[in-house]
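Just so it is clear: in the sequence shown, position 142 is 929 by the working numbering, and no numbers are missing. C-beta atoms are modelled at their ideal positions from N, C-alpha and C, and glycine is treated no differently. First up is the structure itself, then whatever we jot down about it.
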Amino acid sequence: MNTKSKIFLNFLKNTENLIKNKKFYIFKSLLSFIEDKKISDTDYRNLSTQIRTMSMIDLLIRTGSLLKGHFELSSGLHSNQYFQCAKLLQYPEYAEKAGKQLAALFDASKIDVVLGPALGGVIIGYETAKALGKKSIFTERKDGIMTLRRGFHINKEDRVLVIEDVITTAKSTIESIKIIESFGGKIAGIGCIVDRSSGQTSLKIESLIQIDPEIYSPEECPMCKLGQNIEKPGSRTQIIE
Ligand SMILES: [Zn+2]
788 MNTKSKIFLN FLKNTENLIK NKKFYIFKSL LSFIEDKKIS DTDYRNLSTQ
838 IRTMSMIDLL IRTGSLLKGH FELSSGLHSN QYFQCAKLLQ YPEYAEKAGK
888 QLAALFDASK IDVVLGPALG GVIIGYETAK ALGKKSIFTE RKDGIMTLRR
938 GFHINKEDRV LVIEDVITTA KSTIESIKII ESFGGKIAGI GCIVDRSSGQ
988 TSLKIESLIQ IDPEIYSPEE CPMCKLGQNI EKPGSRTQII E
């Protein structure tokens, strides 16, 4: 095995624990591939989809969007991971790439408008809309309540695609759906770069990556037990290496 393959292999092993069980498939296939073992045609076909997932994870890691450490989430729970998609989306070429990948998950002929809840959904919503050739609008909070402002309007029967950067509790998605429906619009789909909802919402979410975070109550948190410093999201964190 050459050095490049070894580095790639290490990368796979290091990120393996970040991927949902059903995504483990890629590691097996790629390991077979790298180690020159035979893989089936079906495995080979599935690889391209899985490689796209890997390339997005690679981008998230390289841009420091995927953080490892000991975090206190806004819910008060603790986690060993945190996403800051803004770090990926600060690079226009990566934002465009993510938008194109998300757009590919939906049928443009069944979408009239793309809506990205502010702030996280604005850039990626715009890039997805651009790739689909559709209009891009956003909802935003005013005094804590999600609203559609700035003269944006949703026509009755408009098919609206909701795009977010990260979906965890889907609170802003659900609030935006209520707004869309209040205008008589229809939900054409829901998409995000990173789905970390662990299937806990009733929504059908299309994502570039699904990751189940390790989440603990402060009392049960193993990192607290080890006395590791805790950080609140937004503050400085360590990038996964
Ligand atoms: Zn903790």
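>> Short of 7 Å in beta carbon distance, which residues of its chain neighbour residue 1010, apart from the five on each side in sequence? Order them along the chain.
In response: 857, 865 and 867
>> Only counting the same chain, and skipping five residues up and downstream in sequence, which positions put a Cβ closer than 7 Å to that of residue 890?
In response: 915, 918 and 919
>> Tell me which residue opens and which closes the beta strand (DSSP E) that residue 868 is part of.
In response: 865-870
> If you check the beta carbons only, do residue 959 and residue 951 fall under 8 Å apart?
Replying inline: yes
>> Please list the terminal residues of the continuous beta strand (DSSP E) segment that includes residue 1057.
In response: This structure does not reach residue 1057, given that the chain is present from 788 up to 1028, and the question cannot be answered.
> How is the alpha helix (DSSP H) around residue 997 delimited, first residue to last?
Replying inline: Careful: residue 997 lies outside any alpha helix (DSSP H), inside the beta strand (DSSP E) at 992-997.
>> Please return the same chain residues whose Cβ sits closer than 7 Å to the Cβ of residue 878, not counting the five positions on each side in sequence.
In response: 850
>> On a Cα-Cα basis, can you pick out the residue from 875, 926, 852 and 847 that is closest to residue 900?
In response: 926
> If residue 998 and residue 954 are in contact, beta carbons under 8 Å, what's the gap, nearest whole angstrom?
Replying inline: 11 Å between Cβ atoms; not a contact.
> Between which two residues does the beta strand (DSSP E) containing residue 975 stretch?
Replying inline: 973-982
> Under three-state DSSP, which class holds residue 1010?
Replying inline: helix
> residue 729 lies in the beta strand (DSSP E); which residues open and close that run?
Replying inline: The first residue shown for the chain is 788 and the last is 1028, placing residue 729 beyond what the model contains.
> Between residue 876 and residue 844, which are expected to be in contact by the criterion C-beta below 8 Å, what is the C-beta distance as a whole number of angstroms?
Replying inline: Actually they are not in contact, since the Cβ atoms of residue 876 and residue 844 sit about 16 Å apart, beyond 8 Å.
>> I need the straight-line Cα distance from residue 938 to residue 970, nearest angstrom please.
In response: 14 Å
> Looking at the structure shown, is residue 844 part of a helix, part of a strand, or coil, going by DSSP?
Replying inline: helix
>> Rounded to whole angstroms, what is the Cα-Cα separation between residue 987 and residue 940?
In response: 30 Å
>> Could you compute how far the alpha carbon of residue 902 sits from the alpha carbon of residue 1007?
In response: 38 Å
> What are the start and end residues of the alpha helix (DSSP H) that includes residue 892?
Replying inline: That residue, residue 892, is in no alpha helix (DSSP H); it is neither H nor E in DSSP.
>> Between residue 904 and residue 861, how many whole angstroms is the CB-CB distance? I'm expecting something under 8 Å.
In response: That belief does not hold up - the Cβ atoms of residue 904 and residue 861 are roughly 16 Å apart, past 8 Å.
> Whose CB is closer than 5 Å to a heavy atom of ligand 1? List the residues in chain order.
Replying inline: 865, 1008, 1010 and 1011
> Which residues share a DSSP beta bridge with residue 934?
Replying inline: 927
> Of the choices 859, 837 and 1020, whose alpha-carbon is the least far from that of residue 1003?
Replying inline: 859
> Which same chain residues, not among the five before or five after residue 808, have their C-beta less than 7 Å away from its C-beta?
Replying inline: A caution first: residue 808 carries a pLDDT of 45, below 50, which makes its placement in the model too unreliable to give a value.
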